[in-house]
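Below you'll find the structure, written out as structure tokens, and then a few comments.
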Amino acid sequence: MKDVIQSIPSVFKQRNKRKNATRFLRFGLILVLFVVCYMQVYINLMSKELGGVSIGWIESLYWVLTTMTTLGYGDITFSGDSGRLFSMLVMFTGVFYLFMVLPFVFMEFLYKPFMEYQTGARVARRFDAVKQKHVILTHYDSISHVLMDKLSQFGYPFVLIVSDLKEALRLHDMDIPVMLGNLDEVQTFEDASIENAAMVVTTDDDIRNVNITFRARDSSPDLSIVSTCNRATSEEILSLAGATHVIRPAKQMGRFLSRRICCTDNSTHVIGSFDEVLIAEATIHGTPLVGQKLKDAMLRENYGVNVVGMWERGHFELPGPDTMLNNHTVLLLAGTEGHFAKYDHDFRDFKTNNSPVIIIGAGRVGRETAKALAERNIPYRVIESDEKKAAMVSNSILGDASEKAVLERAGINKAPALIITSHDDESNVYLTIYGRKLRPDIQIITRAFLHRNIEPLHRAGADFVMSQDHMGANTIFNLLNRAEILMVTEGLDVFSQKTPKSLVGVKVQDCKITEKTGCSIVAIKGDAGTVITPSPDNQFTEDGEIILIGDEAAEKSFETRFCT
1 MKDVIQSIPS
11 VFKQRNKRKN
21 ATRFLRFGLI
31 LVLFVVCYMQ
41 VYINLMSKEL
51 GGVSIGWIES
61 LYWVLTTMTT
71 LGYGDITFSG
81 DSGRLFSMLV
91 MFTGVFYLFM
101 VLPFVFMEFL
111 YKPFMEYQTG
121 ARVARRFDAV
131 KQKHVILTHY
141 DSISHVLMDK
151 LSQFGYPFVL
161 IVSDLKEALR
171 LHDMDIPVML
181 GNLDEVQTFE
191 DASIENAAMV
201 VTTDDDIRNV
211 NITFRARDSS
221 PDLSIVSTCN
231 RATSEEILSL
241 AGATHVIRPA
251 KQMGRFLSRR
261 ICCTDNSTHV
271 IGSFDEVLIA
281 EATIHGTPLV
291 GQKLKDAMLR
301 ENYGVNVVGM
311 WERGHFELPG
321 PDTMLNNHTV
331 LLLAGTEGHF
341 AKYDHDFRDF
351 KTNNSPVIII
361 GAGRVGRETA
371 KALAERNIPY
381 RVIESDEKKA
391 AMVSNSILGD
401 ASEKAVLERA
411 GINKAPALII
421 TSHDDESNVY
431 LTIYGRKLRP
441 DIQIITRAFL
451 HRNIEPLHRA
461 GADFVMSQDH
471 MGANTIFNLL
481 NRAEILMVTE
491 GLDVFSQKTP
501 KSLVGVKVQD
511 CKITEKTGCS
521 IVAIKGDAGT
531 VITPSPDNQF
541 TEDGEIILIG
551 DEAAEKSFET
561 RFCT
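Everything in the sequence shown is counted per the working numbering, starting at 1 for the first residue and increasing by one.
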């Protein structure tokens, strides 16, 4: 059924071509009919004017053609009115057919196909494999666009397969490596050198992703295939079709937004791990840590945890010993399970705000956020103006979130956090400013539909902002066969690297990693095991690992300075 639907556009194109050819043939036959009829009328009229003189068919054809084209007309003319009227009729017929119809026929059947062939030749039909394994992309959207930028940044070759010529030309003019081909044919993937690929990525709608995944799996039984999906039911179907990894961006975003609430729970929440080294987030709202300098908190000495970073109203920073901690500080901690258990024992019972969190929007992201909060037993209220969407989630309030009465009914005066999940960034900016005005002390967590609106949303008053396209692209990028990596937030990663040869035997105090790259060392692994927050005298060992934290530029700088 899917193949039948996909073949409909090509069927219509073939029908249009046949219809045009039929029209062209019809016009040609009518033109020939006119010429023959006009020749016969000319013979009769001219024979009468000349007193019965016989007129040959060559002369009659010559007169009709010169009259219709108005070229060389005048050497043979009628002297009577009937002949002159007939001459004008032939002229008008020639002007219509030769000066109006003929240019159309030339443009439609000669010039236009020639130009399409010329422009289409600019788009490749094959992708020649290079030394390094490449990534095959099958759809152009916001996620794949960000992924292509990230692949280019780190030097990974890639090719985008496009089935529509006009779209392929548009993307080709944007300097994107494009290959023209039908994604429902195994041959297309073979032309894309799938045998030398590192990964196939499908980011189209769920049904099309299943079809593409199935064809790609036929071409390469062992290749890593990553697919996105919107519906929960599609996850299993994509896995059955051959997808190695299935990503639901809405689910990812919902869980990320729910983890950013800082006033409901002071326990540590693990967001990733590197073997025994766990990376967790923890809020300190209402704890004795508020108002202290980091060095005075004695977290490493008392609990064995390493503060590798912190957020202050959405802005991440690498803390120093004199960094002050406050109610809105969110700590990024590195430690072991035992370290975090000891930390939670001392901090989880401090006063928290148990009022419902307000979620604006009951779309996919809003519903996933509500589900994630419910799993953590955090109360919530969802504001939605669409009655159908509001019925899809519990604890919903039907109304417009831009109305103060609706927000008050949801509990804006006591709520610990406001989570804005709309896919319209203009509305998100508006609601962020409005929410900050109503409650200057509330935590505002916002989704950005477009990456360029992250900074405006921060300036509008949001504490945390995350774009779904960057989250999806980073997740896919992390699945490549490269160093282990964990995206903490927008543009910030915790990543693991094998100890470069240039650092083997070097002490931590002498490596100058932070000064040279902007990365901060989370832990090092070596012969003596894993050392969290290594001392200046610890050395990097051969066959060891370094766990670091930094943004994309810092990660690239580390690879350039120490790994090449």
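No residue lacks a Cβ here, since even glycine has one placed at the ideal position from N, Cα and C.
Since the structure is predicted, the reported quantities are computational estimates derived from the model, not experimental observations.
| Item | Value |
| --- | --- |
| Restricting to runs no shorter than 3 residues, where is the beta strand (DSSP E) found entirely within the segment 153 to 184? | 158 to 162, 178 to 180 |
| Regarding Arg452 and the ligand SAH, is the C-beta to nearest heavy atom distance less than 6 angstroms? | Ligands in the displayed structure: none, and consequently the ligand SAH is not present. |
| Could you compute how far the alpha carbon of Val504 sits from the alpha carbon of Lys512? | 14 angstroms |
| Where does the unbroken beta strand (DSSP E) through Ala282 begin, and where does it stop? | 277 to 283 |
| I need the boundaries of the beta strand (DSSP E) containing Glu555, first residue and last residue. | From DSSP, Glu555 is part of no beta strand (DSSP E) but of the alpha helix (DSSP H) over 552 to 562. |
| Report the three-state DSSP secondary structure of Arg381 (helix, strand or coil). | strand |
| In the DSSP assignment, the alpha helix (DSSP H) including Glu403 goes from what residue to what residue? | Premise fails: Glu403 is in no alpha helix (DSSP H) and is neither H nor E. |
| Closest by CA to Thr530, which one among Pro440, Gly83, Ile547, Ser267? | Ile547 |
| Taking Glu49 as the reference, which of Phe27, Ile58, Ser79, Asp191 has the closest Cα? | Ser79 |
| Beta carbon of Ala372, beta carbon of Gly254: below 7 angstroms? | yes |
| Can the beta-carbon of Thr369 be found less than 7 angstroms from the beta-carbon of Ser258? | yes |
| Nearest by alpha-carbon distance to Ala250: which of Arg364, Asn302, Glu190 is it? | Arg364 |
| Are there 16 or more other CB atoms within 10 angstroms of the CB of Asn474, so buried, or fewer, so exposed? | buried |
| Report the option in Gly472, Arg170, Thr188, Arg215 whose CA atom is closest to the CA atom of Ile247. | Gly472 |
| Mind checking Ser220: buried by the 16 CB within 10 Å criterion, or exposed? | buried |
| Should the segment 425 to 442 be called in touch with the segment 381 to 388, which here means at least 3 C-beta pairs below 8 angstroms? | no |
| Quick one: measure Cβ to Cβ for Pro321 and Lys293, integer angstroms, because I've assumed they're closer than 8 angstroms. | 7 angstroms |
| Classify Phe540 as helix, strand or coil using the three-state DSSP reduction. | coil |
| For Ala241, collect the residues of the same chain with a Cβ closer than 6 angstroms to its Cβ; drop the 5 residues on either side in sequence, then sort them by chain order. | Val210, Thr213, Phe214 |
| By Cβ distance below 6 angstroms, which residues in the same chain neighbour Gly83 in space, the five residues on each side in sequence not counted? | Leu45 |
| So the candidates are Phe158, Val162, Thr203, Ala168; which of them puts its Cα closest to the Cα of Asp565? | Nothing can be reported for residue 565: it is not among the residues displayed for the chain, which extend from 1 to 564. |
| State yes or no: is the C-beta of Cys229 within less than 7 angstroms of the C-beta of Leu238? | yes |
| Per DSSP, what kind of secondary structure is Ser193 in: helix, strand or coil? | coil |
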